[in-house]
Structure formats: C-alpha cells, structure tokens
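Data block below; observations after.
There are 2 protein chains.
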Amino acid sequence: MPGETVRSRKGRTTRNAILKAALDVFSRRGYRAGSLQSIADAVGVSQQGVLHYFGSKENLLVEVLKHRDEEERRDRSGDRDHDSLFARTIDLTRRNERQPDEVRFFSVLVGEALTDDYPATDYVRHRYAELAKISADVLRRGQATGHVRSDIDVDDVVALLVAAMDGLQIQWLLNPQRGMARPFELLAGLLEQYVTTDPGEDER
Amino acid sequence: MPGETVRSRKGRTTRNAILKAALDVFSRRGYRAGSLQSIADAVGVSQQGVLHYFGSKENLLVEVLKHRDEEERRDRSGDRDHDSLFARTIDLTRRNERQPDEVRFFSVLVGEALTDDYPATDYVRHRYAELAKISADVLRRGQATGHVRSDIDVDDVVALLVAAMDGLQIQWLLNPQRGMARPFELLAGLLEQYVTTDPGEDER
DNA sequence: GTCTATAGTTCGATAGAC
DNA sequence: GTCTATCGAACTATAGAC
Numbered sequence: 001m002p003g004e005t006v007r008s009r010k011g012r013t014t015r016n017a018i019l020k021a022a023l024d025v026f027s028r029r030g031y032r033a034g035s036l037q038s039i040a041d042a043v044g045v046s047q048q049g050v051l052h053y054f055g056s057k058e059n060l061l062v063e064v065l066k067h068r069d070e071e072e073r074r075d076r077s078g079d080r081d082h083d084s085l086f087a088r089t090i091d092l093t094r095r096n097e098r099q100p101d102e103v104r105f106f107s108v109l110v111g112e113a114l115t116d117d118y119p120a121t122d123y124v125r126h127r128y129a130e131l132a133k134i135s136a137d138v139l140r141r142g143q144a145t146g147h148v149r150s151d152i153d154v155d156d157v158v159a160l161l162v163a164a165m166d167g168l169q170i171q172w173l174l175n176p177q178r179g180m181a182r183p184f185e186l187l188a189g190l191l192e193q194y195v196t197t198d199p200g201e202d203e204r
Numbered sequence: 001m002p003g004e005t006v007r008s009r010k011g012r013t014t015r016n017a018i019l020k021a022a023l024d025v026f027s028r029r030g031y032r033a034g035s036l037q038s039i040a041d042a043v044g045v046s047q048q049g050v051l052h053y054f055g056s057k058e059n060l061l062v063e064v065l066k067h068r069d070e071e072e073r074r075d076r077s078g079d080r081d082h083d084s085l086f087a088r089t090i091d092l093t094r095r096n097e098r099q100p101d102e103v104r105f106f107s108v109l110v111g112e113a114l115t116d117d118y119p120a121t122d123y124v125r126h127r128y129a130e131l132a133k134i135s136a137d138v139l140r141r142g143q144a145t146g147h148v149r150s151d152i153d154v155d156d157v158v159a160l161l162v163a164a165m166d167g168l169q170i171q172w173l174l175n176p177q178r179g180m181a182r183p184f185e186l187l188a189g190l191l192e193q194y195v196t197t198d199p200g201e202d203e204r
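For the protein sequence lines, the chains are A and B, in the order given.
Position 56 of the first sequence, counted from 1, bears residue number 56 in our numbering, the numbering being contiguous throughout.
Position 120 of the second sequence, counted from 1, bears residue number 120 in our numbering, the numbering being contiguous throughout.
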C-alpha cells in the first residue's frame, strides 16, 4: 500500500523533527518552562500536532530521553575495553565539548530533577546509579587483574569522577571560553596515579 | 511614635517570613515553577501581600539572593587564614551537609541559570567568578610564600575543586544516604599533595 | 495527519477599598 | 499593611472537522 507507506514516512520525519526540536527547546528553556507551542513553531506544525504524536508533554520528555539514550549508546560503542576508566571519561569529555546543546539539556534536566513532583527525577536517579555501577565495575575488574589497588574505595573514586564532570559542565556552559578538558585531565591523572600506586610505607 | 514602631516591626517580621518561605519554595520547586501563591500560603498572607513587600517575583528572588549572601558571609567569618584552601572547603562541605534546603536552592538555581532569559544568570556567573577569584588568590598567596608549587595551573585546580563540590551536591541531593564528605576529602587530599609536592625528577 | 476551536488552569501583576 | 476583585497572558489538553 503506497499510500500507507508515504503517510507513515511523513509521520516518521515529523516525529523525529519534533524530538529534535524538543531537545533544543528543553535545553534552552528547561522542561517546565519550555512550551509545546515553541516546539511546534520550530517544526512548523500546530501545538496540537505535537500532541498528536506524543499524547502529552510528559510523554514527549520520556521519548526525548529514550532517543538520547540510544544515541549515547551509539557514541559509546567505540570505547575500547582495554582503555582505563579515566581514558574513556576523557574521551567522553572531548565528545561533549562538541555537543553543547545535549550537555545543557542534561545539566538543566538534572537541576529540575532536584525539585518536587518532577516527572524525570526517577530517570535521573537511575541514570546516575547505572553510570556509577558501570564505572565501578571497570575499576573492580582492574582490582581483580591487579591493575588497580585493592585497598581503595571504588565508590568514592567514581562519585568524584562523575561529580567533576557534572561540575565542569556547569562551569563550561556558564563560561564556554575555558574548556572542560584541562581541569578534568588533571583529576584523571591524579586518580590514575592514586588507584595504581602502592600505598605508602606506613600502610604496610 | 509607638504605633509606627509596632507597624514597622510587624512589616519586618512578615518580610523575613516571606524571604524564608521563598527560599523554601524556590528550593523545592525552582524559581520558575515556584508560585507567589504557594509562598503566600506558607506565610499566611495573600499573594498580593507578598507583592506588597517585594514589588515583583523577580525582585523577590533578588532579595532572597542578597539575604543568602549575607548569611553566607557570616558563616564564612569563622574561617581561619592559616587554613589551607582545601581545609576550608572541607569545612564548607560539612556545613552544607547540615543545610540541605540551602544547597538545593543553589543547585536548582544554577540549573535554571543555564537556560535562556533567566533573571539570575548574571548573578550565578558572577558568583562563580568571585568564588574562583577568592580561591585562586589563596593558592597564589601560597605560591608567594613557597608553600605551593609555582609550576601548577592555579585556575585548573580551582575549577576542579568547585566542580567536584557542585557535582557531589547533586549526587547527595539525589541520594542523601551517601554523604558528600568522603569523595570530597579524597579530592582535597590528592590536590593538597599535588600542589605541595615537588615535581618529578624529569622536571628538573 | 493536521487543523480550528475551546475548555480549564494557573500565574503575575494592577487598582483600589479598608 | 492587608485584603478583594479582576485583568490579561500563557499553558496543556480535549473534541471534532477535514
């Protein structure tokens, strides 16, 4: 049925255009202050046209998050297993510096997720938990193979690494002149040394 | 004129009650989503009563920020000059763990400040610039007295320190079980060592 | 699939009585 | 200093025509 195919193709592209516009609007205004009308205007449809595809504003946010998750998984697929956690995270920082809209989208989202009655707080919490688990597992594998000291608190290291990335993103978004890379590489270097070096003599 | 005094006293306490309620509402809902009505309800006045004292919602935010700045200055007044930057920041972290509402207020505010047309973006930018300047100056004084290595980038160290604090606050607010102190003390220890230790032999 | 019309809220702000 | 009344704007969502 050619008619069906054409209609569904058109729906697809419009749907994708809405997803892209929604990311942009939510990035520039946040979810709460970003209106369906402004998203619709960016795509060239009516506000009701947006709701036709996604049912509600909240569901639109959910779909934007799913879409971003998929694209992130694609970005990360180039990660090499033998790279250290810190080398991988530096790569991520460099990639992020090339997509400020996506970084701002998440930074703004996290801020809103700290407030009450926010539809994506559970998503954000889950996202942090998952990222911490993946990162901690990398370090634990290093401990198993003897590449990482076994007397360090892996969770503290991971929390610090993730925190630095979040905080540097904020500073970078507020003042893009200074990049994120150098302070982050400073931390990565210190942590790399910290997790691999033997403890001092007083510990043995 | 006793009448005048009584009236003005009443105004003062109501005004302060509004400031306190506004911090609470903005902390739990953000500035944009936090309504004057909910602030008024918390104080026990009408929405117009709030506007009587502050003129506009935006001005109310400005006054809340001024009020917080003063209280912070008071908190910091106990800082001892001979403490290192890192010791002072650890103290700040511990103080912050005792006032989650204030921490959330600023974390949410910073997230909103990343969006367009936000009335406090300049304030937030200025706040970061000032904090960075004060912190960098402490390290530079250390360089002048020989306590801090002179071949390190002070700005990178400060950016990293501030970033870690911001990021750990986010994680703590999302999941209060794990405190901020331990990962932050890990960083403070690494940085303390980094800024004071001599460079490796390859540098001399 | 896209539109118009519109319901139903909520919000910040102004005017003016007491 | 605090209130009631009210305006005007913005927003999400539903109903239904084409």
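Note that the Cβ used here is the ideal one computed from N, Cα and C, for glycine as well.
Exposure label - residue i; buried when at least 16 CB within 10 Å
i: Gln99 (chain B); result: exposed
i: Pro183 (chain B); result: buried
i: Gly78 (chain B); result: exposed
i: Glu71 (chain B); result: exposed
i: Arg32 (chain B); result: buried
i: Gly30 (chain B); result: buried
i: Ser107 (chain A); result: buried
i: Ala22 (chain B); result: buried
i: Ala144 (chain A); result: exposed
i: Ile134 (chain B); result: exposed
i: Asn16 (chain B); result: exposed
i: Asn59 (chain A); result: exposed
i: Thr89 (chain B); result: buried
i: Ser46 (chain B); result: exposed
i: Gly44 (chain A); result: exposed
i: Gly55 (chain B); result: exposed
i: Gly11 (chain B); result: exposed
i: Gln171 (chain B); result: buried
Amino acids of chain B, ordered along the chain, whose beta-carbon sits closer than 7 Å to that of residue i
i: Pro183 (chain A); result: Asp156, Ala159, Leu160 and Ala163
i: Tyr194 (chain A); result: Leu190
i: Val110 (chain A); result: Gly111 and Ile170
Beta carbon of residue i nearer than 8 Å to that of residue j
i: Gln167 (chain A); j: Asp166 (chain B); result: Rather than Gln, the amino acid found at residue 167 (chain A) in this sequence is Gly. Against a cut-off of 8 Å, the Cβ pair of Asp166 (chain B) and Gly167 (chain A) comes out as a contact.
i: Ala136 (chain B); j: Val158 (chain B); result: yes
i: Leu139 (chain A); j: Val154 (chain A); result: yes
i: Leu36 (chain B); j: Lys66 (chain B); result: no
i: Ala188 (chain B); j: Phe105 (chain B); result: no
i: Thr121 (chain A); j: Ala132 (chain A); result: no
i: Ala50 (chain A); j: Ile18 (chain A); result: The sequence shown places Val at residue 50 (chain A), rather than the Ala named in the question. Taking 8 Å as the Cβ cut-off, Val50 (chain A) and Ile18 (chain A) qualify as a contacting pair.
i: Ala42 (chain B); j: Asp24 (chain B); result: yes
i: Leu190 (chain A); j: Tyr194 (chain B); result: yes
i: Leu186 (chain A); j: Asp156 (chain B); result: yes
i: Thr115 (chain A); j: Ala181 (chain A); result: no
i: Ala129 (chain A); j: Leu160 (chain B); result: no
i: Gln169 (chain B); j: Val103 (chain B); result: yes
i: Thr197 (chain A); j: His147 (chain A); result: no
i: Asp101 (chain B); j: Ser27 (chain B); result: yes
Chain A contact residues for residue i, given Cβ-Cβ distances below 8 Å
i: Asp116 (chain B); result: Arg28 and Arg29
i: Tyr128 (chain B); result: Gln171, Leu174 and Asn175
Cβ of residue i within 8 Å of any chain B Cβ
i: Gly33 (chain A); result: Checking the displayed sequence, the identity of residue 33 (chain A) turns out to be Ala instead of Gly. Closer than 8 Å to some Cβ of chain B, the Cβ of Ala33 (chain A) qualifies, so yes.
i: Asp166 (chain A); result: yes
8 Å Cβ cutoff, residue i in contact with chain A
i: Tyr53 (chain B); result: no
i: Leu186 (chain B); result: yes
i: Arg94 (chain B); result: no
i: Ile18 (chain B); result: no
Closer than 9 Å at the beta carbon, the chain B residues around residue i
i: Asp104 (chain A); result: According to the sequence as given, residue 104 (chain A) is Arg; it is not Asp. Leu114 and Thr115, listed in chain order.
i: Arg125 (chain A); result: Leu174 and Asn175
N- and C-terminal bounds of the alpha helix (DSSP H) containing residue i
i: Thr145 (chain A); result: No alpha helix (DSSP H) contains Thr145 (chain A), which DSSP labels as neither H nor E.
i: Tyr118 (chain A); result: Segment: none, Tyr118 (chain A) is in no alpha helix (DSSP H) and carries neither H nor E.
i: Val162 (chain A); result: Val154 to Leu174
i: Ser38 (chain A); result: Leu36 to Val43
i: Gly189 (chain A); result: Ala181 to Thr196
i: His52 (chain B); result: Gln47 to Phe54
i: His67 (chain B); result: Lys57 to Arg76
i: Arg88 (chain A); result: Leu85 to Asn96
Listed by chain order, chain A residues near residue i by CB distance under 7 Å
i: Ser107 (chain B); result: Gly111 and Leu114
Near the ligand SAH: residue i beta-carbon under 7 Å from a heavy atom
i: Thr145 (chain A); result: In the structure on display, the ligand SAH does not appear, and there are no ligands present to speak of.
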